[in-house]
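**Student:**
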Amino acid sequence: MKVACIGNMNNNMFALTRYLRDAGIDAHLLLFANELEHFHPASDAVDLSFRQYTHQLTWGHRYEFSSTPKNLIQNDLRDYDVLIGCGTSPAYIFKAGRQLDIFVPYGGDLVSYPFLRAVPPRKIVGHLQFVHAQRQGIRSANYIVMDKANRIYERRYEQLQPRGERLAIAPPMVYLPLYCPERISLLYDRTHWTHEFMAIRQTFDLIVFHHARHCWMNVRKPDYPKGNDYLIRGFAEFSKQHRSVRAGLVLFEYGKDVDKSRQLISSLGIQDKVRWFPRMGRKDLMVGLSLADWGTGEFAYNWTSCGTILETLAMAKPLLHFRDEHPRQVESSDQYPLANARSHDEIASHLTNYVTDRSYYETMGAAGRQWLQQHGVADPVSRIVSALKACA
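Oh and the sequence shown: position 32 is 191 in our numbering, straight run, nothing missing.
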């Protein structure tokens with residue numbers, strides 16, 4: 160059985176490809192023509208072995224869907240028995256006359272791509288063709304790997320009416336054999352920003368690491384706010400309440416609201432406590448996260464799983480994140496430990512409690528790592544392998 164894992168938004172498919180290969184499956188990663196640089200396998204690996212099973216496609220952009228020859232897609236997929244995909248893969252595979260076996264959405268490919276939106280007149284025909292193909296490709300997929308999500312995503316899922324079986328699990332997004340507390344120091348001399356991260360570690364007593372995209376002001380669909388401002392305000396409140404604690408906040412120049420975040424930080428008077436880094440790949444991020452005290456997720460909408468959550472759990476750091484538990488919308492296996500917070504007051508409160516009871520939060524981080532190993536990797540990989548065998 161030869162498997163194609165198509166697309167690599169958020170590094171998801173590269174991690175899955177490696178887990179499948181570890182399980183003895185001949186899995187290959189197929190990269191779209193328009194993959195983002197920081198989601199290239201080279202940004203999530205420390206050797207070149209990925210080249211043996213990674214292949215570059217010349218198609219994948221949604222705006223070039225109508226002009227991409229059908230036979231080109233067919234030829235690129237001809238040698239693969241089972242197709243796993245994200246992004247625009249449902250549309251392109253549908254155009255090729257094949258069925259997507261497993262769809263692993265990351266966000267916009269489910270809540271935005273299959274739905275009509277305003278486009279310039281010259282793009283209307285191509286847009287209609289793509290939306291139709293994306294919708295049909297999703298509906299006809301044998302399986303959809305989609306964890307329980309917030310009401311917006313769940314509503315979109317229901318509107319699409321997929322006919323395949325839903326695997327309500329998070330895909331194994333982080334490759335734990337590479338990223339674990341016991342081995343991460345081996346990456347320190349093989350990544351770009353280690354020296355700067357270590358300097359921050361020496362400067363501050365408490366480090367909060369926030370690598371989510373900055374998206375919180377004047378947000379338009381298909382984007383949804385990430386609540387970066389809640390974290391910034393909460394950190395500022397904590398810092399003013401505990402002036403004797405040398406606290407630092409690590410942020411990244413990623414997202415359309417970076418300038419708004421800078422302005423907010425300036426207005427709160429905490430510029431000297433914030434360290435900005437350029438957008439970077441996962442292997443660099445994980446080194447920085449390993450040297451922090453806190454990892455963070457998002458604070459505006461309820462998310463059960465996403466990259467920032469699972470990366471934090473991988474490094475055994477306490478997770479500061481918002482999860483809606485009233486009413487409970489997630490299954491019992493989703494109960495990874497976290498410091499649940501949405502308002503800036505709740506965020507400041509958790510940081511304060513960390514100062515007085517550090518061991519409690521360190522235990523939380525260790526338990527989160529154990530949860531991830533079982534429920535975020537072992538179980539999902541097992542279920543995906545079973546689905547692959549059913550499709551072959």
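Built from N, CA and C at the ideal position, the CB exists for glycine as well.
Suppose you measure from the CA of LEU195 to the CA of ILE543; what does that come to, to the nearest Å?
**Tutor:** To locate residue 195, count along the sequence shown from 1; it is residue 36. To locate residue 543, count along the sequence shown from 1; it is residue 384. Approximately 26 Å between the Cα atoms of the pair.
**Student:** Could you name each continuous alpha helix (DSSP H) segment of 4 residues or more that falls completely within the region 404–470, going from the start of the chain to the end?
**Tutor:** Complete alpha helix (DSSP H) runs here, min 4: 417–427 and 441–449.
**Student:** Give me the DSSP bridge partner(s) of THR362.
**Tutor:** By 1-based counting over the sequence shown, the position of residue 362 is 203. Looking at the DSSP assignment, THR362 forms no beta bridge with any residue, so it has no partner.
**Student:** For a quick check, are the C-beta atoms of LEU175 and PRO331 less than 9 Å apart?
**Tutor:** As a first step, residue 175 must be located in the sequence shown, where it is residue number 16. As a first step, residue 331 must be located in the sequence shown, where it is residue number 172. Their beta carbons are under 9 Å apart, which means LEU175 touches PRO331 by this criterion.
**Student:** Just curious, the beta strand (DSSP E) that ARG542 is in, first and last residue?
**Tutor:** In the sequence shown, the residue the question calls residue 542 occupies position 383. Careful: ARG542 lies outside any beta strand (DSSP E), inside the alpha helix (DSSP H) at 538–550.
**Student:** For the pair the region 407–425 and the region 457–475, tell me if three or more CB-CB distances fall below 8 Å.
**Tutor:** Cβ pair count under 8 Å is below three, so no.
**Student:** Hey, how far is the Cα of PRO279 from the Cα of THR213?
**Tutor:** Within the sequence shown, numbered from 1, the residue matching residue 279 stands at position 120. Within the sequence shown, numbered from 1, the residue matching residue 213 stands at position 54. Roughly 35 Å separates the two Cα atoms.
**Student:** Between PHE191 and GLY285, is the Cβ-Cβ spacing less than 9 Å?
**Tutor:** Residue mapping note: residue 191 aligns to position 32 of the sequence shown, counting from 1. Residue mapping note: residue 285 aligns to position 126 of the sequence shown, counting from 1. Result no, Cβ atoms of PHE191 and GLY285 do not sit closer than 9 Å.
**Student:** So who's on the other strand from TYR302, going by DSSP bridges?
**Tutor:** Residue 302 sits at position 143 when you count from the first residue of the sequence shown. According to DSSP, which records beta bridges pairwise, TYR302 is partnered with ILE261 and GLU324.
**Student:** So the alpha helix (DSSP H) ASP238 belongs to, where does it begin and stop?
**Tutor:** Along the sequence shown, one-based indexing puts residue 238 at 79. No alpha helix (DSSP H) holds ASP238; DSSP gives it neither H nor E.
**Student:** Quick test of your reading: LEU269 and TYR334, contact by CB under 8 Å. State the CB separation rounded to the nearest angstrom.
**Tutor:** Reading the sequence shown from its first residue, position 110 is the one you call residue 269. Reading the sequence shown from its first residue, position 175 is the one you call residue 334. With 8 Å as the limit, LEU269 and TYR334 do not qualify as a contact, their Cβ atoms being about 24 Å apart.
**Student:** If you draw a straight line from the alpha carbon of LEU497 to that of HIS480, how long is it in whole angstroms?
**Tutor:** Start at 1 with the first residue of the sequence shown, and residue 497 comes out as number 338. Start at 1 with the first residue of the sequence shown, and residue 480 comes out as number 321. About 7 Å.
**Student:** Any chance the region 435–444 sits against the region 293–305, with 3 or more Cβ pairs inside 8 Å?
**Tutor:** Segments in contact, no.
**Student:** Taking 9 Å as the threshold (C-beta atoms), are ILE252 and ILE152 in contact?
**Tutor:** Because the chain here runs from 160 to 551, residue 152 falls outside it and cannot be looked at.
**Student:** Quick check on ILE243: does DSSP put it in helix, strand or coil?
**Tutor:** In the sequence shown, residue 243 corresponds to position 84, counting from 1. If DSSP states are grouped into helix, strand and coil, ILE243 belongs with the strands.
**Student:** Among ILE283, TYR316 and LEU326, whose alpha-carbon lies nearest the alpha-carbon of ALA158?
**Tutor:** Because the chain spans 160 through 551 in this model, residue 158 falls outside it and cannot be assessed.
**Student:** Tell me which residues share the same chain as VAL540 and place their Cβ nearer than 7 Å to its Cβ, disregarding the 5 neighbours each side in the sequence.
**Tutor:** Taking the first residue of the sequence shown as 1, we reach residue 540 at position 381. Same-chain partners within the cutoff: TYR178, ALA182 and PRO331.
**Student:** What are the start and end residues of the alpha helix (DSSP H) that includes ALA255?
**Tutor:** The residue given as residue 255 occupies position 96 in the sequence shown. Taken as a continuous stretch (DSSP letters only), ALA255 belongs to no alpha helix (DSSP H), as it is neither H nor E.
**Student:** Evaluate contact between the region 389–399 and the region 467–476, counting only Cβ atoms and requiring at least three cross-stretch pairs below 8 Å.
**Tutor:** The answer is no - the region 467–476 does not touch the region 389–399, with fewer than three Cβ pairs under 8 Å.
**Student:** I need the boundaries of the alpha helix (DSSP H) containing SER190, first residue and last residue.
**Tutor:** Residue numbering aside, residue 190 sits at position 31 when the sequence shown is read from its first letter. The sequence given here places Leu at residue 190; Ser does not occur at that position. From DSSP, LEU190 is part of no alpha helix (DSSP H) but of the beta strand (DSSP E) over 185–190.
**Student:** Between the C-alpha atoms of ILE243 and LEU259, what's the straight-line distance to the nearest angstrom?
**Tutor:** Taking the sequence shown and counting its residues from 1, the one referred to as residue 243 is at position 84. Taking the sequence shown and counting its residues from 1, the one referred to as residue 259 is at position 100. Cα to Cα, the separation comes out at about 7 Å.
**Student:** Per DSSP, what are the beta-bridge partners of HIS480 in this structure?
**Tutor:** Position 321 of the sequence shown, counting from 1, holds the residue named residue 480. In the DSSP output, where bridge partners are listed per residue, HIS480 has ASN499.
**Student:** Quick one: what's got a C-beta closer than 8 Å to TYR265's C-beta in the same chain, skipping five residues either side?
**Tutor:** Here residue 265 refers to the residue found at position 106 when the sequence shown is read from its first residue. So the qualifying residues of the chain are MET168, ASN169, ASN171, CYS245 and GLY246.
**Student:** Starting from VAL162 and walking both ways along the alpha helix (DSSP H), at which residues does that stretch end?
**Tutor:** Within the sequence shown, numbered from 1, the residue matching residue 162 stands at position 3. Counting along the chain, VAL162 falls outside any alpha helix (DSSP H), though it belongs to the beta strand (DSSP E) covering 161–165.
**Student:** How would you call THR362, buried or exposed, if buried means at least 16 neighbouring beta carbons within 10 angstroms?
**Tutor:** For the purposes of this step, residue 362 is taken as residue 203 along the sequence shown, with counting starting at 1. When all chains shown are included, THR362 counts as exposed.
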